[in-house]
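Asks:
Protein chains: 2
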Amino acid sequence: MASDPVHGSITLTGPGATNSSRDGAAVPQPGSTRPPASDGELRQATELLFFAYRDFTGDADRLLVRYGFGRAHHRVIYFVGRNPGINVGDLLAILKITKQSLARVLGELMRGGFIVQRADSADRRRRRLYLSDEAVAMERMLSEAQAGRLQTALRAAGPEAAAGFRAVLRAMIDPRDRKRCD
Amino acid sequence: MASDPVHGSITLTGPGATNSSRDGAAVPQPGSTRPPASDGELRQATELLFFAYRDFTGDADRLLVRYGFGRAHHRVIYFVGRNPGINVGDLLAILKITKQSLARVLGELMRGGFIVQRADSADRRRRRLYLSDEAVAMERMLSEAQAGRLQTALRAAGPEAAAGFRAVLRAMIDPRDRKRCD
DNA sequence: CGATATATGTCAATGTTGCTGTCGTAGTTC
DNA sequence: GAACTACGACAGCAACATTGACATATATCG
Chain A
3 MASDPVHGSI TLTGPGATNS SRDGAAVPQP GSTRPPASDG ELRQATELLF FAYRDFTGDA
63 DRLLVRYGFG RAHHRVIYFV GRNPGINVGD LLAILKITKQ SLARVLGELM RGGFIVQRAD
123 SADRRRRRLY LSDEAVAMER MLSEAQAGRL QTALRAAGPE AAAGFRAVLR AMIDPRDRKR
183 CD
Chain B
3 MASDPVHGSI TLTGPGATNS SRDGAAVPQP GSTRPPASDG ELRQATELLF FAYRDFTGDA
63 DRLLVRYGFG RAHHRVIYFV GRNPGINVGD LLAILKITKQ SLARVLGELM RGGFIVQRAD
123 SADRRRRRLY LSDEAVAMER MLSEAQAGRL QTALRAAGPE AAAGFRAVLR AMIDPRDRKR
183 CD
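Residue numbers (my numbering), protein chains in the order written: chain A, 3 to 184; chain B, 3 to 184.
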């Protein structure tokens, strides 16, 4: 596999990109105690994010091929595992892909017995999704593979770095989705 | 959109998922002063990474469509901008894609006047690549869009969090590629 | 009850970005 | 001149996403 991660665009900050005209969007700080990041810092952060994400997703990719699945399947398995009984619409909102795109992947997973559906008892239009036992096992294997890299990195960097890591990532997420990560 | 999450409660922290059997891979710590991250922490970090990356890459996507370009074009523009005069072989080594894949994207960019070629004076088999003025401007716009989100997040979280953010990401990257990010 | 809205599924076409394999051509090196 | 190198091009394939249109079941409201 080793294809590229979900995305992979690296951006650079050009000469005139000193910006600082775009701040104050989230968690506004009281004073000017927070100096703007330099172009170099932003570029470096961008590249770190790119390479870290690529290697992180690569860990799971190598295992997924054994099942004949790809990254799209992994994302579905992961979020259904995290939210058992989630319905299709909510899953779409998390993944931010189209219904048709999800349909193909979800159909394959259901035909393979990895995901099962059950109509919601209250609103029977809704199809609640659950992992089969086999899928739970597969998810665990994938999680362990990815968690190994993360675990190593978090321990090596230490708890304070880990807290900063989480704080920055959280601030990068669109506000409406921040609550999804605890 | 806007449907809210279902939030299941199963942590799927399996019996064997406690890991800790996979450490010591990179940057081994001296003592045991670094406690292992819990499954919950690892899971949260995974999700933060997913959502932050999803939103981050989305910023550039929205601008790229105006040019009729995609992520692959962005990557080429970025790396040629970072390494003016780079030749095709070196660009391939960075992107880690096949010559045929690059050829399509590079051809489009050259036909559109975003990238220009010049034969190396010493070895005229080599084609050195450069950005046109228009491509430099486009690259700047893309950079600013993506850097905006990063800038805001880094400032909101503060310099110490930013340092932790970088430390963890760097530790996640395969050692051989860490040098690519300064 | 009937109209309307919602949740989901499905068919068809298309685009982007990768891949493998093969062949050609210009230029360099020995 | 032979062998190697850097690059380009043609052909086909696959994964994952898109848009658009349409179908079906269920819910809700007047």
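For every residue, glycine included, the Cβ atom is placed at its ideal position computed from N, Cα and C.
From a predicted model like this one, the values you see are computed outputs, not experimental measurements.
Opposite Q119(B) in the DSSP bridges: which residues?
Replies: Answer is L131(B), bridged to Q119(B).
Asks: Of the residues that make up the segment 106-130 of chain B, which ones have a beta carbon closer than 7 Å to any beta carbon in chain A?
Replies: Listed by position, the residues of the segment 106-130 of chain B near chain A (Cβ gap below 7 Å) amount to none.
Asks: Taking only beta-carbon atoms, is D135(A) less than 8 Å away from chain B?
Replies: Cβ-Cβ to chain B under 8 Å: no for D135(A).
Asks: Which bits of chain A does A169(B) rub up against, with CB to CB less than 7 Å?
Replies: A159, A163, listed in chain order.
Asks: For the alpha helix (DSSP H) that contains R182(A), what are its first and last residues?
Replies: Looking at the DSSP string, R182(A) is not in any alpha helix (DSSP H), and its letter there is neither H nor E.
Asks: DSSP has I88(A) in a bridge; who is on the other side?
Replies: According to DSSP, I88(A) bridges with L131(A).
Asks: For the structure I just gave you, are there three or more beta carbon pairs, one from the segment 149-165 of chain A and one from the segment 164-183 of chain B, closer than 8 Å?
Replies: The segment 149-165 of chain A vs the segment 164-183 of chain B: in contact.
Asks: Around the C-beta of S103(A), are 16 or more other C-beta atoms found within 10 angstroms, so that it is buried, or is it exposed?
Replies: So S103(A) ends up on the exposed side.
Asks: Taking a contact to mean a Cβ-Cβ separation below 8 Å, would you say L65(B) touches F81(B) in this structure?
Replies: Cβ atoms of L65(B) and F81(B): not closer than 8 Å.
Asks: For D184(B) and G160(A), what's the separation of their Cα atoms in angstroms?
Replies: Rounded to whole angstroms, D184(B) to G160(A) spans 21 Å at the Cα level.
Asks: By the DSSP assignment, the alpha helix (DSSP H) with S59(B) in it spans what residues?
Replies: In the sequence on display, residue 59(B) carries Thr and not Ser. Counting along the chain, the alpha helix (DSSP H) containing T59(B) begins and ends at 41-69.
Asks: For L144(A), which residues in chain B fall below 9 Å Cβ to Cβ?
Replies: Those within 9 Å of L144(A) in chain B number zero; the least Cβ separation is about 10 Å.
Asks: Would the segment 104-116 of chain B and the segment 68-79 of chain B be scored as touching if the rule is three or more Cβ pairs under 8 Å?
Replies: They touch, by the three-pair rule.
Asks: Hey, how far is the Cα of T59(B) from the Cα of Q148(B)?
Replies: Going from the Cα of T59(B) to the Cα of Q148(B) covers about 7 Å.
Asks: Name, please, each residue of chain A whose Cβ falls closer than 7 Å to the Cβ of D176(B).
Replies: Ordered by position in chain A, the residues that pass the 7 Å Cβ test against D176(B) are D57.
Asks: Could you check whether the Cβ of F167(A) sits closer than 7 Å to any heavy atom belonging to the ligand ZN?
Replies: Judged by which ligands are present, the structure shown has none, so any question about the ligand ZN falls away.
Asks: Among the candidates D63(B), R68(B), G83(B), whose CA atom is the shortest distance from the CA of S134(B)?
Replies: With distances taken between Cα atoms, S134(B) lies closest to G83(B).
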